[in-house]
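Chains as they are written, first to last, in the working numbering: chain A, 6 to 344; chain B, 129 to 382.
Remarks on the structure that follows.
Set out below in structure tokens:
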């Protein structure tokens, strides 16, 4: 259709609500979040209480750290199913070193994060050097890592620490109060990570490379963008963040369970896609992911408060994913027909 | 066009094998400054292999390449870009999700602030892009922040060619630039190629549509079975029929 009368007409993006929605992928999740807040609070005002919000945010942060890194990885066109396993395995490494080998906590922390980085490196090399789809590579990695965690611990949770305060634990999950609201340090880390990764994705050269790598790898390569190294770096980031999240979680609950984090990978990917990042790469948004993280968390929290059985949680999450994807697909179709 | 200076590109006795497949057999090709050379040949004749060698995308088995009289080893696409050779592939030139400005500077982003911050100078990138769009006549009122995905095929080619001109590439290789374009858009792109030549750039123009090639090139080179079988066909003295016969290997006279 455009071929015949394409003499000059430059396809100026048309104004209008649907285009605004497409240009701003965060808008859909933002509207959903506001609606949820209003509905839940109307049914049960306790939903907006400081205590409840503080509780809801604590656990959110751990999945949220993984979702932030996964956003960049998915923007580059790959994803990582092994984050849940790394979440369980990394603290097992750290506490085993600390308890059984007598390694001080900080060196044990460094070693554990290095192990997580290595897992990401391995996944990244399998994907980029051998050309195996990330679905298969990280599915294999999920099993290898989880299996190693179970085998190392014989399936038993590891104690965290015997006695005494550890400064590292304070830095990672210590808490303080702001006007009666209990804030965990992990929330600060989450906000910091979101700010840094948002800057990285939208303002830096590397961010431009991430988007180009996911959007059109051939074009990126032809312009000299090291697409393979970009992907490997993001696999390592994703893995390290999963390890950090696992360690934070282990300190908070005072146990490193080799089974913890099971099926987190799917919840993390759900958070990212609900926020508007595209599974096939090229377009991603950290702000959207933060919204996606809050939506999933507040949904879990809210439906319990308004009296829906917690077991029904997955029904709502599944419906949100389907609804959001339908919204984006519908907008894209309208957009493409319009041009 | 006849220039007795050092040629821009000289490929001497280039050989390339993919395992048992002998894709290039002793290719000699010279590109002079400021000329548009049409590269023709049937599917599998070796055109794309030759282009990939020249753009650094695949290594060659043996032979020598001179750029401005200096021998070069092209090991990567970056080597080629740095020696002034820019290749525009039809499907992999631009990233649809990124803006015009970000595509223009992809891999060569302008930076501002301290190095470790890795911050792009988006203001300057946008203003350079806007200026360039205006100069090459595709600006109308397309802002440089428009994503490539919402441009037409012809506009995308124009952006890709403008990018090569901006970075002062001495040789612009166009791989099927008029494929899938409408009549008016094709003319626009051909006009763009002429402008590139008039501002001192050399071009290698690859197209299956010989009519398009005839409209724009100074000279035609024909490949057959990995060899160059004719390298000085002129659109002024040869007919389309002659050239087609050479492409199909029917006769060598032209």
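Each residue gets a CB set at the ideal place from its N, CA and C atoms; glycine is no exception.
- Message: List, in chain order, every chain A residue whose beta-carbon is nearer than 7 Å to that of residue 209/B.
- Response: As a first step, residue 209/B is located in the second chain; it is residue number 81 there, counting from the start. Simply 229.
- chain A contacts from the region 235 to 256 of chain B (Cβ-Cβ distance under 7 Å): 235, 237, 239, 246, 247, 248
- Task: Closer than 9 Å, Cβ to Cβ, to anything on chain A: give me those residues from the region 217 to 231 of chain B, in chain order.
- Result: 217, 219, 220, 221, 222, 223, 224, 225, 226, 230, 231
- Query: From the DSSP output, which residues share a beta bridge with residue 275/B?
  - Reply: Position 147 of the second chain holds residue 275/B. Paired residue(s): 227/B.
- Between the region 89 to 109 of chain A and the region 318 to 333 of chain A, are three or more C-beta pairs nearer than 8 Å? no
- Message: When you compare the CB of residue 371/B with every CB in chain A, is at least one pair closer than 8 Å?
- Response: Position 243 of the second chain, counted from the start, is the residue given in the question as residue 371/B. It does not; no Cβ of chain A falls within 8 Å.
- Message: Less than 8 Å between CB atoms is the rule here; does residue 171/A satisfy it with respect to chain E?
- Response: Chain labels in this structure do not include chain E; the protein chains are A and B.
- Message: Tell me which residue opens and which closes the alpha helix (DSSP H) that residue 140/B is part of.
- Response: On the second chain, position 12 is the one that residue 140/B refers to. Segment 137 to 146 is the beta strand (DSSP E) holding residue 140/B; no alpha helix (DSSP H) there.
- Can you find a C-beta in chain A that's less than 8 Å from the C-beta of residue 273/B? If you number the second chain from 1, residue 273/B lands on position 145. It does not; no Cβ of chain A falls within 8 Å.
- Query: For residue 165/B, does the three-state DSSP call read helix, strand or coil?
  - Reply: The residue given as residue 165/B occupies position 37 in the second chain. Of the three classes helix, strand and coil, the one that applies to residue 165/B here is strand, per DSSP.
- Item | Best match in 169/B, 198/B, 135/B, 339/B for proximity to residue 349/B [C-alpha to C-alpha] | Position 221 of the second chain holds residue 349/B. Selected option, being the one with the closest Cα: 169/B.
- Message: For the structure I just gave you, are there three or more beta carbon pairs, one from the region 236 to 253 of chain B and one from the region 237 to 256 of chain A, closer than 8 Å?
- Response: Output reads no: the region 237 to 256 of chain A does not touch the region 236 to 253 of chain B.
- Query: With distances taken from CA atoms, which of 258/B, 305/B, 262/B is nearest residue 344/B?
  - Reply: Residue numbering aside, residue 344/B sits at position 216 when the second chain is read from its first letter. The shortest C-alpha separation from residue 344/B is found at 305/B.
- Query: So what does DSSP say about residue 336/B, is it helix, strand or coil?
  - Reply: Along the second chain, one-based indexing puts residue 336/B at 208. The answer is coil: DSSP assigns residue 336/B none of H, G, I, E or B.
- Message: Which same chain residues end up closer than 7 Å to residue 5/A when comparing Cβ atoms and leaving out the 5 residues on each side of it in sequence?
- Response: Beyond the ends of chain A as shown, which are 6 and 344, falls residue 5/A; an answer cannot be given.
- Message: Using a Cβ-Cβ cutoff of less than 6 Å, which residues in the same chain neighbour residue 320/B once the five nearest sequence positions on both sides are dropped?
- Response: Position 192 of the second chain, counted from the start, is the residue given in the question as residue 320/B. Excluding residues within five positions, the ones whose Cβ falls inside 6 Å are 286, 289.
- Item | Three-state secondary structure (DSSP) of residue 230/A | By 1-based counting over the first chain, the position of residue 230/A is 225. Assignment of residue 230/A by DSSP, reduced to helix, strand and coil, places it in the coil class.
- Query: residue 182/A lies in the beta strand (DSSP E); which residues open and close that run?
  - Reply: Mapped onto the first chain, residue 182/A falls at position 177. 180 to 183 is the span of the beta strand (DSSP E), which, as asked, contains residue 182/A.
- Task: Could you list the residues in the region 187 to 221 of chain A with a C-beta less than 7 Å from some C-beta on chain B, going in chain order?
- Result: Within the region 187 to 221 of chain A, the residues whose Cβ lies closer than 7 Å to any Cβ of chain B are, in chain order, 208, 209, 210, 211, 213, 216, 217, 220, 221.
- Task: Examine chain B for any beta-carbon lying closer than 8 Å to the beta-carbon of residue 47/A, and answer yes or no.
- Result: Along the first chain, one-based indexing puts residue 47/A at 42. Interface residue (Cβ-Cβ distance to chain B less than 8 Å): residue 47/A is not classified as such.
- Message: Looking at chain B, is there any beta carbon in it that lies within less than 8 Å of the beta carbon of residue 223/A?
- Response: If you number the first chain from 1, residue 223/A lands on position 218. At least one chain B Cβ lies under 8 Å of residue 223/A.
- Message: For residue 280/A and residue 32/A, what's the separation of their Cα atoms in angstroms?
- Response: In the first chain, the residue the question calls residue 280/A occupies position 275. In the first chain, the residue the question calls residue 32/A occupies position 27. In this structure, the CA atom of residue 280/A is about 9 Å from the CA atom of residue 32/A.
- Query: Tell me which same chain residues have a C-beta within less than 7 Å of the C-beta of residue 308/B, skipping the five on either side of it?
  - Reply: Within the second chain, numbered from 1, the residue matching residue 308/B stands at position 180. So the list reads 281, once near-sequence residues are dropped.
- With 8 Å as the C-beta to C-beta threshold (strictly closer), list the residues of the region 265 to 289 of chain A near chain B in chain order. 287, 288
- Message: Under 8 Å, CB to CB, which of the residues in the region 191 to 215 of chain B have a partner in chain A?
- Response: 204, 205, 206, 209, 215
- Task: Would you check if the distance between the CB atom of residue 143/B and the CB atom of residue 188/B is smaller than 8 Å?
- Result: Along the second chain, read from residue 1 onward, the residue named residue 143/B stands at position 15. Along the second chain, read from residue 1 onward, the residue named residue 188/B stands at position 60. In contact: residue 143/B and residue 188/B (Cβ atoms closer than 8 Å).
- Applying the criterion that 16 or more other CB atoms from any shown protein chain within 10 Å of the CB defines a buried residue, is residue 376/B buried or exposed? Taking the second chain and counting its residues from 1, the one referred to as residue 376/B is at position 248. Its Cβ having fewer than 16 others within 10 Å, residue 376/B is exposed.
- Message: Measuring alpha carbon to alpha carbon, tell me which residue in 303/B, 327/B, 329/B, 157/B is nearest residue 340/B.
- Response: Here residue 340/B refers to the residue found at position 212 of the second chain. With distances taken between Cα atoms, residue 340/B lies closest to 303/B.
- Within chain B, partners of residue 226/A - CB distance below 9 Å: Along the first chain, one-based indexing puts residue 226/A at 221. Under the 9 Å cutoff, chain B gives 185, 205, 220.
- Item | Reference residue 111/A, options 174/A, 311/A, 213/A, 223/A, closest by Cα | Stepping through the first chain from its first residue, residue 111/A is reached at position 106. Residue 111/A has its Cα closest to that of 174/A, out of 174/A, 311/A, 213/A, 223/A.
- residue 114/A by DSSP, collapsed to three states: which one? Here residue 114/A corresponds to residue number 109 of the first chain, with the count starting at 1. DSSP, reduced to helix, strand and coil, places residue 114/A within a helical segment of the structure shown.
- Do residue 80/A and residue 286/A have their C-beta atoms within less than 8 Å of each other? Numbered from its first residue, the first chain carries residue 80/A at position 75. Numbered from its first residue, the first chain carries residue 286/A at position 281. In contact: residue 80/A and residue 286/A (Cβ atoms closer than 8 Å).
- Message: Let me check one thing: in DSSP terms, what residues is residue 240/B bridge-paired to?
- Response: For the purposes of this step, residue 240/B is identified with residue 112 of the second chain, where counting begins at 1. Paired residue(s): 247/B.
- Item | Closest by C-alpha distance to residue 371/B, when choosing among 347/B, 297/B, 355/B, 192/B | By one-based count along the second chain, residue 371/B stands at place 243. It is 347/B whose Cα lies nearest to the Cα of residue 371/B.
- Message: Three or more C-beta pairs under 8 Å: does that hold for the region 171 to 186 of chain A against the region 212 to 222 of chain B?
- Response: no
- Contact between the region 314 to 328 of chain B and the region 198 to 211 of chain B: three or more CB pairs below 8 Å? no
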